[in-house]
Amino acid sequence: MNRPVALIPPPRVRRTNRFSDKMAVFLFGLFLILFALVCLFPFWLMVINSFSSTRSLAVNGYSVWPDEFTLESYRFLLQGKQMFTSYGVTIAVTAIGTVIGLVVTALFAYVLAHPKNRYGGFLSFMTYVPMVFGSGLVGFYLLVVQWLHLKDTLWALVLPYVMNPFFAFILVSFYRSLPYELNESANMDGAGEWTIFFKIIRPISTPVIATISLFYALQYWNDWWLSLLFIDNSDMYPLQLLLRQLMSQMQLTSLNHGNVLTLPPAEGVKLATVCLTIGPIILVYPMVQKYFAKGLTLGSVKG
Numbered sequence: 004m005n006r007p008v009a010l011i012p013p014p015r016v017r018r019t020n021r022f023s024d025k026m027a028v029f030l031f032g033l034f035l036i037l038f039a040l041v042c043l044f045p046f047w048l049m050v051i052n053s054f055s056s057t058r059s060l061a062v063n064g065y066s067v068w069p070d071e072f073t074l075e076s077y078r079f080l081l082q083g084k085q086m087f088t089s090y091g092v093t094i095a096v097t098a099i100g101t102v103i104g105l106v107v108t109a110l111f112a113y114v115l116a117h118p119k120n121r122y123g124g125f126l127s128f129m130t131y132v133p134m135v136f137g138s139g140l141v142g143f144y145l146l147v148v149q150w151l152h153l154k155d156t157l158w159a160l161v162l163p164y165v166m167n168p169f170f171a172f173i174l175v176s177f178y179r180s181l182p183y184e185l186n187e188s189a190n191m192d193g194a195g196e197w198t199i200f201f202k203i204i205r206p207i208s209t210p211v212i213a214t215i216s217l218f219y220a221l222q223y224w225n226d227w228w229l230s231l232l233f234i235d236n237s238d239m240y241p242l243q244l245l246l247r248q249l250m251s252q253m254q255l256t257s258l259n260h261g262n263v264l265t266l267p268p269a270e271g272v273k274l275a276t277v278c279l280t281i282g283p284i285i286l287v288y289p290m291v292q293k294y295f296a297k298g299l300t301l302g303s304v305k306g
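Here our numbering is used: the first residue of the sequence shown is 4, the next is one more, and so on.
Structure below.
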């Protein structure tokens, strides 16, 4: 005889207030759109006014939509060879510096994170010291100019930033989060440390390496301090130093007119220079954006 089966009431499902959820999503999206517009507004002013005529900038100042559109500022900048020369120097420094810096930092961090490295503590201490105590401007200048003889060379803009301790510690934190059994398995198959790093560790480190490469690229692209110290030859001017020299000349012109608020006649040239300077580096963000957040969170995990 079949016994009656007790009916089990289904679990109560909490009903969500769909209207309130949709309203919250709408308000959050609206806030993000407004915040993005506020952030993009200065960029819009810079770009649109770089196409404004000198007379319109002098009379109306910066405007959302200029009265007169012209390409005279871009023609002025691109008619000579200085802009193309500075572009070449900046691209070369960014590409060479990013590759060298990434390779050196990744290998150094791998050595620091290796559990069988007997000198890990000493190397970590020697990495911390430059982060706390600097050599000073005079010592740094003498090292590069008098000892290494790098003045007015490409390497004066590359070598000082090759190893960033902060980026190295991000990589160390990520390497220590990886299971050491990967190394032991590879060792049992006869792989050496170079093979382990380039064929096992490096492929699974793509997110954090892409993030560090973006940091290095931005550091080299935006730097003007090293060129101000070590570059006197105009053929070696990077874009950022060219922009700084141009802005200094604009400010000096304004002061000579006796009124700091007076717009110099070449204000459009300054805006056009900024647009040309930031143009290529913006294209790097979409390529590494998918790795950016993941790389930062992976590197922040404490092992």
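Using N, Cα and C, we set each Cβ at its ideal position, and we do this for glycine too.
Check	Outcome
Around the C-beta of Asp226, are 16 or more other C-beta atoms found within 10 angstroms, so that it is buried, or is it exposed?	buried
Take Arg58 and list the residues in its own chain whose beta-carbon comes closer than 6 Å to its own, dropping the five residues that flank it on each side.	none
How many angstroms separate the CA atom of Phe143 from the CA atom of Tyr164?	12 Å
For Tyr240, is the classification buried or exposed, using 16 other Cβ atoms within 10 angstroms of its Cβ as the cut-off for buried?	buried
If you draw a straight line from the C-alpha of Arg179 to the C-alpha of Gly123, how long is it?	13 Å
Do you know how far the Cα of Thr280 is from the Cα of Gln85?	13 Å
Does the beta-carbon of Gly261 have 16 or more other beta-carbons within 10 angstroms, so that it is buried, or is it exposed?	Any reading at Gly261 needs caution, since the residue's pLDDT is 47, under 50, leaving its predicted position unreliable; the model's value is listed next. Exposed: under 16 other Cβ atoms inside 10 Å.
So does the stretch 133-141 actually touch the stretch 149-156, counting three or more Cβ pairs closer than 8 Å?	no
Here's the rule I'm using: 16 or more other beta-carbon atoms within 10 Å means buried, otherwise exposed. How should Leu286 be labelled?	exposed
How about Ile284 and Trp224: are their beta carbons less than 7 Å apart?	yes
The alpha helix (DSSP H) spanning Asp24 covers which residue range?	Arg21 to Asn52
Does the count of Cβ pairs from the stretch 203-223 and the stretch 97-105 closer than 8 Å reach three?	yes
Among residues of its own chain, excluding the 5 on either side of Tyr183, which ones have a beta-carbon nearer than 8 Å to its beta-carbon?	Pro118
From what residue to what residue does the alpha helix (DSSP H) around Leu229 run?	Trp228 to Phe233
Quick test of your reading: Leu242 and Thr93, contact by CB under 8 Å. State the CB separation rounded to the nearest angstrom.	4 Å
Tell me whether the beta-carbon of Ser76 lies closer than 7 Å to the beta-carbon of Gly271.	yes
Looking only at C-alpha atoms, which of Phe125, Leu145 and Asn167 sits nearest to Met134?	Asn167
Applying the criterion that 16 or more other CB atoms from any shown protein chain within 10 Å of the CB defines a buried residue, is Pro289 buried or exposed?	exposed
I need the straight-line Cα distance from Ile204 to Leu229, nearest angstrom please.	33 Å
Which of the three DSSP states is assigned to Ser208 in this structure?	coil
How about Thr313 and Phe170: do their beta carbons lie closer than 7 Å?	Because the chain in this structure spans residues 4 to 306, residue 313 falls outside the shown range and cannot be described.
Rounded to whole angstroms, what is the Cα-Cα separation between Ala220 and Ser251?	26 Å
Please state the DSSP three-state secondary structure of Phe172.	helix
Label Pro206 either buried or exposed according to how many other C-beta atoms from any shown protein chain fall within 10 Å of its C-beta, with 16 as the threshold for buried.	exposed
Measuring alpha carbon to alpha carbon, tell me which of Leu35, Thr88, Thr156 and Ser53 ends up nearest Thr276.	Ser53
Does Leu286 come out as helix, strand or coil in the three-state DSSP assignment?	coil
Look at the Cβ atom of Val175, then the Cβ atom of Ala116, and state whether they are nearer than 7 Å.	yes
For Phe72, write down the residues that DSSP places opposite it in a beta bridge.	Ser55
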